[in-house]
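K.L.:
Take this structure, written in structure tokens, and hold onto it; I'll ask about it next.
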């Protein structure tokens with residue numbers, strides 16, 4: 040880290056770095072799973088860092104949380120049961136609970152300290168944690184999905200860290216097979232899928248592995264995310280026995296809640312593939 | 040700059056930084072206008088830096104150059120005369136010359152050393168410099184546009200540095216009035232317009248100033264640009280006596296040249312406005 044009043048993540052895999060000007064370090068702890076820091080920044084609100092990797096800032100997390108949630112929930116005809124694997128900052132859970140159709144949203148985060156530190160330093164992301172439809176579990180998401188009842192869920196959102204260490208097991212066919220089994224027909228799996236500019240081969244492997252286990256349609260949606268390497272990120276959706284081409288456009292256009300990035304036009308736009316992604320992934 | 044083998048731009052205005060792992064410094068010179076460096080990076084090809092600000096890398100400049108060019112040229116019915124103000128790396132010129140309709144493309148860069156260093160370190164961007172339709176001038180773009188014959192141009196692309204220092208005069212109503220006068224009916228002005236997340240007020244002022252001088256339609260298109268602050272950038276288009284809603288979609292879909300980001304679907308997608316931009320700028 041360098042120099043004194045900047046927190047910088049040097050992302051070795053891409054040879055690029057992103058940093059923020061910081062003030063005080065608000066938290067610095069080693070949990071049984073990882074090292075978590077929270078910094079106050081001068082311009083981006085608070086900053087959470089796990090094992091040296093920037094996880095989110097107060098100011099720019101809306102891109103990620105909205106895009107991990109609303110495209111899937113406005114594509115599904117009636118998203119009632121939702122599971123979030125990871126997502127300990129609770130920002131994805133908050134977005135999921137904005138949908139009145141949702142009857143139950145379970146967040147399965149392995150490290151309770153992520154959530155407790157989010158409650159303290161990102162309280163706005165946790166504002167729906169007391170919603171009676173929400174259930175916060177601190178457990179192993181891989182096991183949770185392996186044990187989930189068949190055809191019991193409508194949407195599974197994998198809001199994980201990078202595909203190394205504890206999250207590695209969330210990026211393979213065995214895990215996707217658990218998700219496929221647990222989803223009802225028409226159900227959607229959402230996987231955070233890194234920067235298309237750096238990990239296009241990972242994205243290709245997610246498409247291949249989800250189709251291998253039976254998903255009928257796959258799509259990668261790219262979106263800005265300033266605090267992650269390259270500033271450009273993606274989620275990959277896989278759907279059981281149905282397409283991802285269309286969505287409930289009228290419902291998205293008339294949504295009764297506020298967003299900052301997502302809207303119906305942006306949803307339609309996110310389905311467009313940049314030329315190099317179209318070549319690698321197909322239309 | 041920090042640490043030894045990384046080049047880092049600390050962007051004071053946004054309190055964020057972007058850096059690249061570098062090897063040798065290939066150029067380091069003070070011109071009459073600015074300080075230019077070129078670095079070899081480990082993962083991004085070569086890196087050009089002007090006055091400490093990252094200008095481009097070999098690997099990611101395609102986003103910017105394609106989006107500064109193709110949306111405007113596929114919107115205009117018959118783009119024959121094009122002027123580029125700035126753009127000394129010649130990447131925009133190369134993209135403009137991919138359009139067979141273009142009969143003349145003039146690049147007006149104030150600092151010849153930018154172009155000479157690009158020829159040496161970014162030769163792929165300069166591969167069309169010898170095209171008989173191209174003309175490279177090293178002169179003051181503000182004066183060039185003030186002196187341009189009325190209704191003599193179809194597209195003016197302002198491929199400038201940030202709106203401080205030498206480029207400041209490219210972001211005001213007086214300059215836009217010169218552009219308006221020089222454009223034919225249906226003509227399009229393209230202005231690089233910074234990060235929507237940081238300089239939304241600048242973007243609003245570009246819309247206001249271009250409409251004030253007579254442009255009928257304005258649109259901001261956002262796109263990824265990893266090497267610029269926040270990794271997310273924009274260009275703002277203003278059109279004389281015509282709309283920017285539609286474009287030659289069949290021509291874009293059937294374009295006879297390769298791109299890496301732009302295609303017809305991405306053009307349509309870029310017309311969608313993120314919710315916070317729609318609120319600030321209108322649809």
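Protein chains in written order, with the numbering used here: chain Z, 40 to 322; chain L, 40 to 322.
Glycine included, each C-beta is placed from N, C-alpha and C at the ideal position.
#1: For residue 148 of chain Z, list the residues DSSP reports as bridge partners.
#2: Assuming contact is defined by CB atoms lying nearer than 8 Å, are residue 120 of chain Z and residue 192 of chain Z in contact in what I supplied?
#3: Does residue 251 of chain Z have its Cβ less than 8 Å from a Cβ in chain L?
#4: Using a Cβ-Cβ distance cut-off of 8 Å, determine whether residue 164 of chain L contacts chain Z.
#5: Counting Cβ pairs, one atom from each stretch, are 3 or more of them under 8 Å apart for the stretch 234-249 of chain Z and the stretch 60-75 of chain Z?
#6: Report yes or no: do the stretch 304-314 of chain Z and the stretch 311-318 of chain L share at least 3 C-beta pairs separated by less than 8 Å?
#7: Shorter than 8 Å from the beta carbon of residue 168 of chain Z to some beta carbon of chain L?
#8: Could you name the residues of the stretch 212-240 of chain Z whose beta carbon sits closer than 7 Å to any beta carbon of chain L, in the order they occur along the chain?
#9: Would you tell me roughly how many angstroms separate the C-alpha atoms of residue 51 of chain L and residue 242 of chain L, rounded to the nearest one?
#10: Give, in chain order, every unbroken run of the beta strand (DSSP E) that is at least 3 residues long and sits entirely within the stretch 217-290 of chain Z.
#11: What does the alpha-carbon distance come out to for the pair residue 136 of chain L and residue 225 of chain L?
#12: For residue 116 of chain L, which option in L/280, L/321, L/258 has the closest C-alpha, if you only look at C-alpha atoms?
#13: So is residue 98 of chain Z buried or exposed if we call it buried at 16+ other beta carbons inside 10 Å?
#14: Apart from the five residues just before and just after residue 88 of chain L, which ones in its own chain have a Cβ nearer than 6 Å to its Cβ?
#15: Tell me whether residue 56 of chain Z is buried or exposed, calling it buried when 16 or more other Cβ atoms sit within 10 Å of its Cβ.
#16: First and last residue of the beta strand (DSSP E) that includes residue 88 of chain Z?
#17: Have a look at residue 108 of chain Z and residue 101 of chain Z and give me their C-alpha separation to the nearest angstrom.
#18: Measure from the alpha carbon of residue 126 of chain Z to the alpha carbon of each residue in Z/139, Z/103, Z/110, Z/142, then state which is nearest.
#19: If we call anything under 8 Å between Cβ atoms a contact, is residue 85 of chain L one with residue 65 of chain L?
#20: Could you list which residues in chain Z have their beta carbon closer than 8 Å to that of residue 55 of chain L, in chain order?
#21: Starting from the C-beta of residue 114 of chain Z, find all residues in its chain whose C-beta is less than 8 Å away, skip the five residues before and the five after it, and write them out in chain order.
#22: With DSSP collapsed to three states, give me the class of residue 61 of chain Z.
#23: Is residue 299 of chain L close to chain Z? Criterion is C-beta to C-beta, closer than 8 Å.
#24: Could you work out which residues of chain L lie near residue 271 of chain Z, taking near to mean beta carbons separated by less than 7 Å?
#25: What in chain Z is Cβ-close to residue 302 of chain L, meaning under 9 Å?
#26: Please list the partners that residue 305 of chain L has in chain Z, where partner means a Cβ-to-Cβ separation under 8 Å.
#27: Can you give me the start and stop residues for the beta strand (DSSP E) that residue 125 of chain Z sits inside?
#28: Would you mind working out which of L/154, L/160, L/162, L/167 sits nearest residue 143 of chain L, comparing C-alpha positions?
#29: One question on the structure: do residue 177 of chain Z and residue 128 of chain Z come within less than 8 Å of each other, judged by their Cβ atoms?
#30: How far does the alpha helix (DSSP H) with residue 307 of chain L in it extend, from its first residue to its last?
#31: Tell me the rounded alpha-carbon separation between residue 301 of chain Z and residue 270 of chain L.
#32: Does residue 308 of chain Z get closer than 8 Å to chain L when you measure Cβ to Cβ?
#33: Taking its Cβ as the centre, do 16 or more other Cβ atoms sit within 10 Å of residue 248 of chain L, making it buried, or is it exposed?
#34: Within 10 Å of its beta-carbon, does residue 213 of chain Z have 16 or more other beta-carbons around it, so buried, or fewer, so exposed?
#35: Which residues in the same chain as residue 170 of chain Z place their Cβ atom closer than 7 Å to its Cβ, once the five residues preceding and following it in sequence are excluded?
#36: Interface residues of chain L around residue 99 of chain Z at Cβ under 9 Å?
P.N.:
Looking at the coordinates:
#1: Taking the first chain and counting its residues from 1, one reaches residue 148 of chain Z at position 109. For residue 148 of chain Z, which the question treats as bridged, DSSP gives the partners Z/177.
#2: In the first chain, counting from the first residue as 1, residue 120 of chain Z sits at position 81. In the first chain, counting from the first residue as 1, residue 192 of chain Z sits at position 153. Yes, the Cβ-Cβ distance between residue 120 of chain Z and residue 192 of chain Z is below 8 Å.
#3: Counted from its first residue, the first chain places residue 251 of chain Z at position 212. It does not: the Cβ of residue 251 of chain Z has no partner Cβ on chain L nearer than 8 Å.
#4: What you label residue 164 of chain L is simply residue 125 of the second chain in a count that begins at 1. So, not an interface residue.
#5: no
#6: yes
#7: Start at 1 with the first residue of the first chain, and residue 168 of chain Z comes out as number 129. It does not: the Cβ of residue 168 of chain Z has no partner Cβ on chain L nearer than 8 Å.
#8: 236
#9: Within the second chain, the letter at position 12 stands for residue 51 of chain L. Within the second chain, the letter at position 203 stands for residue 242 of chain L. The straight-line gap from Cα to Cα measures roughly 19 Å.
#10: 222-231, 256-263, 271-278
#11: If you number the second chain from 1, residue 136 of chain L lands on position 97. If you number the second chain from 1, residue 225 of chain L lands on position 186. In a straight line, the C-alpha of residue 136 of chain L is about 20 Å away from that of residue 225 of chain L.
#12: In the second chain, counting from the first residue as 1, residue 116 of chain L sits at position 77. Measuring from the Cα of residue 116 of chain L, the nearest candidate turns out to be L/280.
#13: Residue numbering aside, residue 98 of chain Z sits at position 59 when the first chain is read from its first letter. Its Cβ being crowded by 16 or more others within 10 Å, residue 98 of chain Z is buried.
#14: Here the question's residue 88 of chain L lines up with position 49 in the second chain. Within the same chain, residue 88 of chain L has close Cβ partners 76.
#15: The residue you call residue 56 of chain Z lines up with position 17 of the first chain. Answer is buried; the Cβ neighbour count reaches 16.
#16: Counting from one through the first chain, the residue named residue 88 of chain Z turns up at place 49. It spans 85-89 - the beta strand (DSSP E) in which residue 88 of chain Z sits, taken as one unbroken run.
#17: Indexing the first chain from 1 puts residue 108 of chain Z at position 69. Indexing the first chain from 1 puts residue 101 of chain Z at position 62. So the alpha carbons of these two residues sit roughly 11 Å apart.
#18: Residue 126 of chain Z sits at position 87 when you count from the first residue of the first chain. Out of Z/139, Z/103, Z/110, Z/142, Z/103 has the C-alpha closest to the C-alpha of residue 126 of chain Z.
#19: Working through the second chain from its first residue, we reach residue 85 of chain L at position 46. Working through the second chain from its first residue, we reach residue 65 of chain L at position 26. Closer than 8 Å, so yes.
#20: Position 16 of the second chain, counted from the start, is the residue given in the question as residue 55 of chain L. Those within 8 Å of residue 55 of chain L in chain Z are 57, 58, 59, 60, 82, 83, 265.
#21: Start at 1 with the first residue of the first chain, and residue 114 of chain Z comes out as number 75. So the qualifying residues of the chain are 227, 276, 278, 283, 285, 286, 287.
#22: Residue mapping note: residue 61 of chain Z aligns to position 22 of the first chain, counting from 1. Strand, per DSSP.
#23: As a working mapping, residue 299 of chain L is identified with position 260 in the second chain. Residue 299 of chain L counts as touching chain Z.
#24: The residue you call residue 271 of chain Z lines up with position 232 of the first chain. Result: 263, 265, 270.
#25: Position 263 of the second chain, counted from the start, is the residue given in the question as residue 302 of chain L. What residue 302 of chain L touches in chain Z: 311, 312, 313, 314, 317.
#26: Sequence index remark: in the second chain, residue 305 of chain L carries index 266 (1-based). Those are 311, 312, 313, 314, listed as they occur along chain Z.
#27: Along the first chain, read from residue 1 onward, the residue named residue 125 of chain Z stands at position 86. It spans 120-125 - the beta strand (DSSP E) in which residue 125 of chain Z sits, taken as one unbroken run.
#28: Mapped onto the second chain, residue 143 of chain L falls at position 104. It is L/167 whose Cα lies nearest to the Cα of residue 143 of chain L.
#29: Taking the first residue of the first chain as 1, we reach residue 177 of chain Z at position 138. Taking the first residue of the first chain as 1, we reach residue 128 of chain Z at position 89. Result no, Cβ atoms of residue 177 of chain Z and residue 128 of chain Z do not sit closer than 8 Å.
#30: Against the second chain, residue 307 of chain L aligns to sequence position 268. Looking at the DSSP string, the run of the alpha helix (DSSP H) that includes residue 307 of chain L is 303-309.
#31: Working through the first chain from its first residue, we reach residue 301 of chain Z at position 262. Working through the second chain from its first residue, we reach residue 270 of chain L at position 231. Distance between the alpha carbons of residue 301 of chain Z and residue 270 of chain L: 18 Å.
#32: Position 269 of the first chain, counting from 1, holds the residue named residue 308 of chain Z. Residue 308 of chain Z counts as touching chain L.
#33: Taking the first residue of the second chain as 1, we reach residue 248 of chain L at position 209. That one is buried.
#34: As a position in the first chain, residue 213 of chain Z is number 174, starting the count at 1. The residue is exposed, with fewer than 16 neighbouring Cβ atoms inside 10 Å.
#35: Taking the first chain and counting its residues from 1, the one referred to as residue 170 of chain Z is at position 131. Contacts found: 136.
#36: Position 60 of the first chain, counting from 1, holds the residue named residue 99 of chain Z. 236, 269, listed in chain order.
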